[in-house]
Amino acid sequence: MNMQLTLAARYMAGRRTRTFLTTLAIIFGVMLIFGLNSMVPAFIESIRQNMLAAAGTVDLAVTSVGNSAFDSRLLETLRSIEGISQASGSLRRNLLLPAGAPVGGFTVAG
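Per the working numbering, residue 25 is the first one in the sequence shown, and the count goes up by one each step.
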């Protein structure tokens, strides 16, 4: 065992630059892995929030019976209610295209 350590020490002492660069690469790789692993939970939570927002998932939705647009003053009334932290307005319409069109219909959201 002593002979193997002596040979390894001689090799590393004879090639100081290679030893230094290899050590530096290992340190950099370990730092990169730990750094990225600490950021992964934040990325996953951000992706989850974006997917929920894109899917239109909300805690409360206010719609009209006739599916028509609301007056913009209603949004301000909702925002002024205590306990509501976020309120935003959106309009979603399903449009049908005439027969023979390449697409039967589509949804306009805004």
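Ideal Cβ positions, reconstructed from N, Cα and C, are used throughout, including at glycine.
Note that this is a predicted model, so its numbers are computed, not measured.
If you compare the alpha carbons of Phe94, Phe58, Leu45 and Gly38 with that of Ser114, the shortest gap goes to Phe94. In the structure shown, Ala133 adopts extended strand secondary structure according to DSSP, grouped into three states. Judged by DSSP secondary structure, Leu56 falls within the alpha helix (DSSP H) whose first and last residues are Arg40 to Ala79.
In this chain, the beta strand (DSSP E) harbouring Leu120 covers Arg116 to Leu120. Each of Ile108, Ala111, Leu98 and Val132 was checked against the Cα of Leu119, and the nearest Cα belongs to Val132. Contact between Leu102 and Ile108 holds, with the beta-carbon distance rounding to 6 Å and staying under 8 Å.
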